[in-house]
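Protein chains: 2
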Amino acid sequence: MKAMILNQYGDKAEFHLSDLPQPAVKVGHVLVRIAATSVNTVDTMIRQMGKDLPLSPDLPAVLGMDFAGTITAVGEGVSGFAEGDEVYGCAGGLADLQGALAEFMLADAKLLAHKPKNLSMREAAALPLVGITAYEGLQRAGIQAGQTTLVHGGAGGVGHVAVQLAKHFGADVYASVSGDKAKQIMAQYGATAIDYKTEKVADYVAKHTDGAGFAVVFDSVGATNLMNSFEAAALNGQVATTVSLLELDLTPAHFKGLSLHVVFMLIPMLYDHKREQHGAILTQLAEIADAGALKPLLDESRFKLDDVGKAHARLSSGQAMGKVVVEI
Amino acid sequence: MKAMILNQYGDKAEFHLSDLPQPAVKVGHVLVRIAATSVNTVDTMIRQMGKDLPLSPDLPAVLGMDFAGTITAVGEGVSGFAEGDEVYGCAGGLADLQGALAEFMLADAKLLAHKPKNLSMREAAALPLVGITAYEGLQRAGIQAGQTTLVHGGAGGVGHVAVQLAKHFGADVYASVSGDKAKQIMAQYGATAIDYKTEKVADYVAKHTDGAGFAVVFDSVGATNLMNSFEAAALNGQVATTVSLLELDLTPAHFKGLSLHVVFMLIPMLYDHKREQHGAILTQLAEIADAGALKPLLDESRFKLDDVGKAHARLSSGQAMGKVVVEI
């Protein structure tokens, strides 16, 4: 089968078209003919940092975590899936798991769900990693209808899904973004845009929450932006983040009695830990998408398998508005 | 009425016996004849740091947060309490709220509950601050029966209550302590003692959890010890702490996908924020105490109102085993 492989890691690492043996199906797994995959920041980090990241696969490596495609073979012990089913998931491209930059991929059935009928293969391939991340963060934050919820990075990969899901859960949603296009998108989602370049935290907390702070803050920017999240959170507020790889002053979290939930959605893949939860979340996301309440935003760019290097460059450029998808 | 007051803050601050007007009861409040109060670390911090802490009262100050006593007057709008009722709570000694180092105290009825029948006034006065803290931390960590739960500082004020409550909730409880007496107490509570001076985190995680880590870690030591808690926690584990006034490397929390819950139980008092939750927790704690599953450990020392300076010194000495109580 055709696959794009990396023979080295680093800033100059390039993908090469290669011919690999098609994987054989095995117990608990399905074989999927990949229709599309999407590029996530973690994919570009693996390509650049290689073994400086504990989760990078050995070389030569087939990256690509997210995918949508069609089942061509079902392993022993798998229930709920049949040959010909259209599925989606986030199930490879790290550690010892082959990724989706290939015509076929062997995937643990526990990590998959049936593709949302409302979404194209390209849209479905854009959803798993960011969708599971957003869903997990909002659930762990205990989001409830009516709660004021702030999503930092509202137009980003995880953020734009978190905004839609928070609306679906009935929250009163605000999103930090920049630029007219992002503001328009937030308006379409029914969220109130906050321009993080011009509005100070204290000002938008005063304006939108009467100074009380947001009950839930989903920080898809993370890292030093967490200080803005702590400042924006209500007393005993819930802060979820996707990035906490740093030293941080927790004093504001102390005096407000906050909860901080770090979402690291690769855990089930890396450690074969509660993988069935990802299948269950993807099933939920498919229902929400089919109800018309969730649709991943796709960047205007289009790439084929051979162009995956350009797809990585597009994501890294910061110019993409929406997820960068590669058709196989 | 007699009261012990502070006329200055700092290392040399001393309590002075004074005669203050008895407070008048007001709407939503009750007047309580204080039987006993207990000393908490935050009381000694206020005495020493004064206005360097944002929560310290103006001088002259009557400290003392915890109390047990008997209602002598009931304000308008108060239901569920009557003159003569024995009550306990944590309701003063900070900001603009007069504390319990006095014969009478005016207390917001929302912060109180009926005293556990099983406990003496001295025992009941030892429970509110540490009991609410332990209860809140375990609840926010979502503790469930059967979960491996580690309490750091198991013999401390908050810790020894957290151990008993975690057992009551059906958890499999481990507690870090030092010294034979503390180990005996943990055994009485049905918890497994871990000697933090001789056992390394990786070793006791391997020994007690097969290397998987603890589902819940309640860190009543906090601060830099949080690194030990992150190391001891399971994937997607829950860490609750009472002290996070520091810069901390959150990288381990990221790679394990942890939740960190900071318990700052003074919030309802400081900001008049959801005070009724404290009354509700104290009612729960009274039921648990009356069922025989919770009993605060009292230090062997005994102090009267005039001796409160010695009571503070006893707590600060680190020699107390159990709560330091002052009878009024």
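Listed in order, the protein sequences are those of chains V and F.
Residue numbers for the first sequence follow my numbering, beginning at 1 and rising by one.
Residue numbers for the second sequence follow my numbering, beginning at 1001 and rising by one.
Just so it is clear, CB atoms sit at the ideal spot from N, CA and C, and this is done for glycine as well.
As the structure is a prediction and not an experimental result, all values here were calculated from the model.
Going along chain V, which residues have a C-beta under 7 Å from residue i?
| i | result |
| --- | --- |
| arginine 1140/F | Ser259 |
| asparagine 1236/F | Ile267 |
Counting only beta-carbon atoms, is residue i nearer than 8 Å to chain V?
| i | result |
| --- | --- |
| isoleucine 1288/F | no |
| histidine 1273/F | yes |
| glutamate 1247/F | yes |
| leucine 1112/F | no |
Give me whichever residues DSSP pairs with residue i in a beta bridge.
| i | result |
| --- | --- |
| isoleucine 1071/F | Val1032/F |
| isoleucine 1005/F | His1016/F |
| threonine 149/V | Val173/V and Val216/V |
| alanine 89/V | One detail in the question is off: residue 89/V reads as glycine in this sequence, not alanine. Answer is Phe67/V and Leu112/V, bridged to glycine 89/V. |
| glutamine 1238/F | Val1216/F and Ser1259/F |
| alanine 1102/F | Ala1003/F |
| aspartate 249/V | Glu1247/F |
| valine 130/V | Per DSSP, none; premise fails for valine 130/V. |
| aspartate 195/V | Val177/V |
| alanine 1061/F | Leu1006/F |
| threonine 37/V | Val326/V |
| lysine 1304/F | Glu1327/F |
| leucine 285/V | BP columns for leucine 285/V are empty, so no partner. |
| alanine 107/V | Val30/V |
| alanine 1233/F | Phe1214/F |
| leucine 138/V | The partner list for leucine 138/V (beta bridge, DSSP) is empty, contrary to what the question assumes. |
Under a CB-based cut-off of 8 Å, is residue i close to chain F?
| i | result |
| --- | --- |
| histidine 254/V | yes |
| leucine 250/V | yes |
| serine 244/V | yes |
Can you name, in chain order, every residue of its own chain whose Cβ lies under 6 Å from the Cβ of residue i, other than the five neighbours on each side?
| i | result |
| --- | --- |
| isoleucine 281/V | Ile132 and Tyr135 |
| lysine 231/V | Lysine is not the amino acid found at residue 231/V; the sequence shown has glutamate there. These residues qualify, in order along the chain: Val201. |
| glutamate 86/V | Thr70 and Lys115 |
| lysine 1064/F | This sequence places glycine at residue 1064/F; lysine is not what is there. Excluding positions up to five away in sequence, the list reads Thr1037, Gly1093, Gly1099, Ala1100 and Leu1101. |
| lysine 304/V | Glu327 |
| valine 1062/F | Ala1003, Ile1005, Gln1098, Gly1099, Leu1101 and Ala1102 |
| valine 161/V | Val130, Gly131 and Ala134 |
| asparagine 1228/F | Val1201 |
| alanine 13/V | Leu6 and Arg47 |
Who are the Cβ neighbours of residue i in its own chain at under 8 Å, not counting the five residues just before and after it?
| i | result |
| --- | --- |
| lysine 1167/F | Val1173, Tyr1189, Gly1190, Ala1191 and Ala1293 |
| arginine 209/V | Note on residue identity: the sequence assigns threonine, not arginine, to residue 209/V. Closer than 8 Å at the Cβ level, and outside the excluded window around threonine 209/V, lie Thr148 and Ala234. |
| aspartate 1011/F | Gln1048 |
| lysine 1183/F | Val1177, Ala1193 and Asp1195 |
Kindly list the residues whose CB is nearer than 7 Å to the CB of residue i, restricted to its own chain and excluding five residues on each side of it in sequence; keep chain order.
| i | result |
| --- | --- |
| proline 128/V | Asp66, Tyr88, Gly89, Cys90 and Leu282 |
| aspartate 1108/F | Gly1028, His1029, Ala1091 and Arg1275 |
| glycine 1142/F | Gln1238 |
| glycine 1170/F | Ala1145 and Gly1146 |
| glycine 75/V | Val25, Lys26, Val27, Gly28, His29 and Val30 |
Under 8 Å Cβ-Cβ, which residues of chain F neighbour residue i?
| i | result |
| --- | --- |
| phenylalanine 264/V | His1254, Phe1255, Lys1256 and Gly1257 |
Inset, instruction - Mind the definition here: the segment 271-280 of chain V touches the segment 1266-1280 of chain F only if three or more C-beta pairs lie below 8 Å; say whether that holds. - result: No, the segment 271-280 of chain V does not touch the segment 1266-1280 of chain F.
Legend entry - Inter-stretch contact at 8 Å, needing at least 3 Cβ pairs: the segment 73-89 of chain V / the segment 240-260 of chain V: The answer is no - the segment 240-260 of chain V does not touch the segment 73-89 of chain V, with fewer than three Cβ pairs under 8 Å.
Legend entry - Three CB pairs or more closer than 8 Å across the segment 1243-1250 of chain F and the segment 1032-1039 of chain F: Three or more beta-carbon pairs separated by less than 8 Å are not found between the segment 1243-1250 of chain F and the segment 1032-1039 of chain F, which leaves the two stretches without contact.
Legend entry - Inter-stretch contact (C-beta, 8 Å, three-pair minimum) for the segment 53-64 of chain V and the segment 110-118 of chain V: By the Cβ rule, the segment 53-64 of chain V does not count as touching the segment 110-118 of chain V, because fewer than three pairs are nearer than 8 Å.
Legend entry - Inter-stretch contact (C-beta, 8 Å, three-pair minimum) for the segment 314-328 of chain V and the segment 1035-1044 of chain F: Contact between the segment 314-328 of chain V and the segment 1035-1044 of chain F is absent, because fewer than three Cβ pairs lie under 8 Å.
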